[in-house]
Each structure stands twice: as structure tokens, then as C-alpha cells.
Amino acid sequence: MTFLRTTRAIAAFGARRTASINTTPNTAALFRTFATARPDIKPTNPEFSSGPCKKHPEFEVSNLIKANVLGRSHRSKIGKERLKFAIDETRRILQVPDDYLIGIVPASDTGAYEMAMWNMLGARNVDICHWESFGKGWFADAMSHLKLEDNCGVTVNEHTADYGSLPDLSQVNTKENDVCFTFNGTTSGVRVPEGADFISDEREGLTLCDATSACFAMNMPWEKLDVTTYSWQKVLGGEGAHGVLILSPRAVERLESYTPPNRPLPKIFRMVKKGKVDGGIFKGATINTPSMLCVEDYIDALAWADRQGGVKGLIDISMSNLNAIEKFVDDNDWIDFLAKDPATRSSTSVCLTLNLDADQIKSFVSLLEKEDVAYDIGGYRDAPPSIRIWCGSTVETEDVEKLLPWLEWAY
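All letters in the sequence shown, in the order written, are residues 97 to 507 by this note's numbering.
If you want it as C-alpha cells, here you go:
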């Protein structure tokens, strides 16, 4: 914070000096140039990508070979032990209830979420909430691919809002219907309110929650969630291609009591054998071959998370990063949050609008990358013209603070 305070003090002094001088247009331009001089200090790590995300600050590749699991089968004794250990540590650190199941599945968060949709949807009417691209994709799955209304005779209700806002969640029938929603919109920077209180405590349907950019950086109200999915490439800075699927007892009951009509399931989606959930998936017997290197990377990230104080410590880091940006936005009228309501601002995928057009924003992003100050901060391709700064827990607040003067300079 000292660096940021010093920078602000210098800028404020320059502004007072400019105001005290009877400036001509030329001298005013000169003072603006001095006020936005190229900063001297860069972020120690310029990686602000929203996925795959920055590795944790203590990451060393050499740590990943200590378990001697590389080159071994995932079906070997040590392979199964390491996969089971990853599941057990996930439960402990995320504080997942003992009667919930946790499995490592193929194809990142997308694979985990569609695995749940393909197995479970169709038994009840469905409310699908979306306010950014990935949630919109789940709606398209339900309508165009699963064709729930035609094939299952259920109603699919769409609850949507523009980028930057949430739909009216009070209109979602969480008591009677299945509900699909994204906990944190990675491409819009808008999250559901803390506690997800829009979900009924007396629900009869299931809730399917895409929490890929929320798990480990936001409190998960497990009592409200029946299916939760994420990828460890987000908040923990792990590698891509693997998803995590967490099921409540109610989700397990649905799997064992409902078979969707005329719905072929590819092998990597199959969770039920002879009418019972395949328990092996949730003990480390993965459906297909995982990367044991990626598993070791995940275990290493979990150990780092534990050293930070678990979920609470990780939330504190992410909130500190968001707070630094909030102060900067308050001090500059050319930049603002895409999220309209401060209560729904994401603390991980922080999306910001600038007083620039789309081409200028591309130049802004390219300039910062060329300076090795910030990589991969362009807004998502379907989002309004914007930038997106990853502020998850592996990003250090000092680096966010060092980035901010560069944003002003680039602007």
C-alpha cells in the first residue's frame, strides 16, 4: 500500500501545481504528460490472465516430482493414493460436508458441468439463470442439445440480464424446479450475493452451480448447492483439462432414481452402474486417464492454500486485490466496474470499462503487454469492450498496486 499511496501523493501534488499556474494549452498538455509519466516500477509478476491463472507465489516445478508418481499408472497403488489424497484435501480445505461426494473428472469445469446436466436434467422443470457467456452456454445446452422441452416434456425458464447486472433472482422458482446458475460470472465480473439466499431452504429440485472462478475465493454455501463444479486452473492457478464435481446426497438420489429418456451418454459422462452411483469415481478411480503431473500440481496448490489459512486466507487475499482496484476506480473517472452493484462485484475476475472505444482498448491492452506489465487482460470476446484483471488468490496485492499506475499511463 505504501507504493500506491506515494504515487497518489505525487499525482495530487502535480494537480495542485497545475491548478496554481496560469496555463496555456501547451503548458497544460505538458503538465498532463508529466502527470502520466511512464512508471518506474513494474509488477513482479505480470500474469493477470483469467484462465489458466497465475501459479501460486511459492510454486516450484521441482516440487511436483517429489511423490515419485510421474511415469506411473493412475491405476497403480501410488496413483490411486495420490488421487484419493487430492480428493480428501479438497474436502478438508473447502470444508465440504462429509456426506457429499467429490470426483475428479475430464474436460475442466465445462466437462464437469455438462456431465451433471446430461445425467440429471429432465426430471423437473428447469430455471436457468445467466448473465454472461458461460451461463448462456448452459441455457443453449438445455434448449438446443438436450432439448429438454421436446424430449422430456419439461419447461425451461430463462432468467437473464445484460453484462454487468444480475437477473431478478427473486423470480427464480428454487422451491419446485431444478436451477442452473453460475456463482461468479468469469466473463462479466458479476457474482451472486453472499450466501446465495435466493435459493429456498425447502427446495424440492436440485441446484447446479458452476463455481469455477468462485471456489477457494468465495464462501460456498454448501447447504444450498447440490451440484458444484470447478476447475483447479482458476483460483489455485493449476493446470487445465481437469474438472472437479461435488455432489450432495440429493444429487446422488437423482442419479440413482432418474434415467433421462432417449439420451445416450458418452463414456466420460457415465456416473451410474446398474442403478447405483459409481463410487470409484469419487475415491480416485477416474473415468479416463488423468495427468498425474497436473494432479501433483493441484496437490501442491492445495498445500499452499492450507499455508495461507485455507479458504478464509484465500478470500482475504482476493478481497485485498479487489479493494486496491476499488480505490483506484474511485480516484479516476475514466475507469469503472462493469458490475453495476458493488455487492455483486467479483473479487476474482474483475471486469472494468474504460472511457475508450473498442479499438483503443485493444491498443491499451497491447501496450501493457508490450511493456511486460500485464498479460492477457483483454475483456472476453462476447463481453462489452472492457479489460479483465484476474485478482484471485495467487495474485499478490503488491503486484495489483504496481499495475495501477501503469493503467493510468497507458490510458
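Backbone N, C-alpha and C fix where the C-beta goes; we use that ideal spot for every residue, glycine too. Values in this document were obtained by computation on a predicted structure and should not be read as measured data.
Contact check, M211 vs V222, beta carbons under 7 angstroms | no
Own chain residues within Cβ distance below 6 angstroms of K176, not counting five before or after = G380
A182 versus C311: straight-line alpha-carbon distance, rounded = 15 angstroms
Leaving aside the five residues before and after D402 along the sequence, list all residues of the same chain whose C-beta is less than 7 angstroms from its C-beta, in chain order.
-> I189
N-terminal and C-terminal residue of the alpha helix (DSSP H) that L418 is part of = Element bounds for L418: 406-427.
Uninterrupted beta strand (DSSP E) stretches inside the stretch 194-241 (no shorter than 3 residues) | 197-202, 222-226
Check the C-beta distance from L411 over to N384 and give it rounded, since I have them as a contact under 8 angstroms.
-> For the sequence presented, residue 411 should be read as Ile rather than Leu. Going by Cβ atoms, the distance from I411 to N384 rounds to 33 angstroms, so no, they are not a contact pair.
Cα-Cα separation between L321 and G475, rounded to whole angstroms | If you take the alpha carbons of L321 and G475, they lie about 29 angstroms apart.
Consult DSSP for D495 and reduce its assignment to one of helix, strand or coil.
-> helix
Spatially closest choice to M415 from E392, E494, C390, by CA coordinates | E494
Count the other CB atoms, across all protein chains shown, that sit within 10 Å of the CB of S266; report buried if there are 16 or more and exposed otherwise.
-> exposed
Below 7 angstroms CB to CB, which residues in the same chain sit around A163 once its five sequence neighbours on both sides are set aside?
-> R178, E392
How long is the line joining the alpha carbons of P86 and A397, rounded to whole angstroms?
-> This structure cannot settle anything about residue 86, because the visible part of the chain is limited to 97 through 507.
May I ask you to report which of helix, strand or coil DSSP gives Y471?
-> Residue state for Y471 is assigned as strand, using DSSP reduced to three classes.
Who are the Cβ neighbours of D453 in its own chain at under 8 angstroms, not counting the five residues just before and after it?
-> Correct list, in chain order: P481.
Alpha-carbon to alpha-carbon, L464 and H226 | Just so you know, the alpha carbons of H226 and L464 end up roughly 31 angstroms apart.
When the distance is taken between beta carbons, is L302 closer than 7 angstroms to N350?
-> It should be noted that the sequence gives Arg, not Asn, for residue 350. In this structure, L302 lies closer than 7 angstroms to R350 by Cβ.
Taking the beta strand (DSSP E) that R484 falls in, what are its first and last residues?
-> 483-486
Minimum C-alpha distance to P53 - residue among P289, G339, T206, L341 | A query on residue 53 cannot be resolved here, the shown segment of the chain reaching from 97 to 507 and no further.
Three CB pairs or more closer than 8 angstroms across the stretch 339-356 and the stretch 193-208 = Between the stretch 339-356 and the stretch 193-208 there are three or more C-beta pairs closer than 8 angstroms, enough to call the two in contact.
Spatial neighbours of P139 in its chain, beta-carbon cut-off 6 angstroms, leaving aside the 5 residues before and after = D495, K498, L499
Around the Cβ of I137, are there at least 16 other Cβ atoms within 10 angstroms (buried) or fewer (exposed)?
-> exposed
Kindly indicate the opening and closing residues of the beta strand (DSSP E) around V340.
-> Membership of V340 in the beta strand (DSSP E) is indicated by the continuous run 338-343.
So, Y394 versus G333, is the Cβ gap smaller than 7 angstroms?
-> no
Exposure of I161, with buried meaning 16 or more beta-carbon neighbours within 10 Å = exposed
In three-state terms, what does DSSP make of T382?
-> coil
Are A208 and L341 touching if we call contact CB-CB under 7 angstroms?
-> Yes, the Cβ-Cβ distance between A208 and L341 is below 7 angstroms.
Please confirm whether S443 and S146 have their CB atoms less than 7 angstroms apart.
-> no
Nearest to M216 (by Cα), restricted to the options M388, S353, K458 | Minimum Cα-Cα distance from M216 among the listed residues M388, S353, K458 corresponds to S353.
From H152 to F279, what does the alpha carbon distance come to, in whole angstroms?
-> Here the alpha carbon of H152 sits roughly 23 angstroms from the alpha carbon of F279.
Inter-residue Cα distance where the pair is F424 and T186 | 35 angstroms
L85, buried or exposed, once every other Cβ within 10 Å from all chains shown has been counted against 16 = Outside the shown range of the chain, which is 97 to 507, sits residue 85, and nothing can be said about it.
Given a cut-off of 7 angstroms, decide if A435 and V286 are closer than it, judged by their beta-carbon atoms.
-> yes
Out of S284, D306, K271, point me to the one whose CA is closest to E300's CA.
-> K271
What residue ranges within the stretch 291-358 form continuous beta strand (DSSP E) runs of no fewer than 3 residues, ordered along the chain?
-> 303-306, 323-327, 338-343, all fully within the stretch 291-358.
For H255, collect the residues of the same chain with a Cβ closer than 8 angstroms to its Cβ; drop the 5 residues on either side in sequence, then sort them by chain order.
-> D223, I224, C225, H226, P263, D264, L265, Q267, V268
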